[in-house]
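Working notes for the structure below.
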Amino acid sequence: MSEEFKIEIVNPEKSFLVKEDVLEVVVPAFEGEMGILKNHIPIISFLKPGIIKILSKSGNENYYVEDGIVEFKNDNLSILTSSIFNLNDIDKSKLQDLLKLAEKESNKTDINDQAKYLIDQKIEVLKSLN
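Numbers 8 to 137, taken from this note's numbering, label the letters of the sequence shown in order.
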């Protein structure tokens with residue numbers, strides 16, 4: 008019996024990634040890191056800044072994501088996000104720019120608690136990538 012399922016990642020510009028030989032995906036959900044395998048119960052969750060890890064028969068891939076929605080049903084994983092980067096393609100200067108922008112945003116005085124939490128998550132992830 009096959010242990011594979013399908014993933015599709017979509018951002019506003021295009022269908023970012025489609026793979027049908029996925030064995031496991033780890034997503035940075037609001038509830039914490041969530042591992043998804045074939046036959047997982049149906050879920051819908053929000054993503055927080057972090058790394059999406061895709062383990063597949065064709066190779067492993069890691070993506071930095073800032074936000075989004077993840078849905079899994081009928082062995083299909085859909086991720087909708089406005090900001091995603093393949094960690095193999097992003098250069099250090101782009102990471103530094105994102106980090107500086109997030110730190111600047113974090114220092115604003117008129118920021119609410121939820122936004123502060125998300126920005127702090129983003130800073131933590133970006134620092135770990137440098």
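Don't be surprised by glycine CBs; every beta carbon is placed ideally from N, CA and C. As the structure is a prediction and not an experimental result, all values here were calculated from the model.
Residues of its chain near residue i, where Cβ-Cβ distance is below 8 Å and the 5 sequence neighbours each way are ignored
{"i": "residue 101", "result": "92"}
{"i": "residue 38", "result": "52"}
{"i": "residue 65", "result": "26 and 28"}
Residue range of the unbroken beta strand (DSSP E) whose run includes residue i
{"i": "residue 123", "result": "From DSSP, residue 123 is part of no beta strand (DSSP E) but of the alpha helix (DSSP H) over 120-136."}
{"i": "residue 93", "result": "91-93"}
Bridge-paired residues (DSSP) for residue i
{"i": "residue 18", "result": "21"}
{"i": "residue 85", "result": "15 and 78"}
Same chain only: Cβ atoms within 7 Å of residue i, ignoring 5 sequence neighbours per side
{"i": "residue 47", "result": "79"}
Residue span of the alpha helix (DSSP H) that contains residue i, given as start and end
{"i": "residue 111", "result": "99-113"}
Close-in-space but distant-in-sequence residues of the same chain around residue i (CB under 6 Å, 5 per side omitted)
{"i": "residue 51", "result": "78"}
Q.
To test your reading of the DSSP string, which unbroken beta strand (DSSP E) runs of 3 or more residues are found completely within the segment 28-82?
A. 39-44, 50-54, 57-63, 66-72 and 75-80
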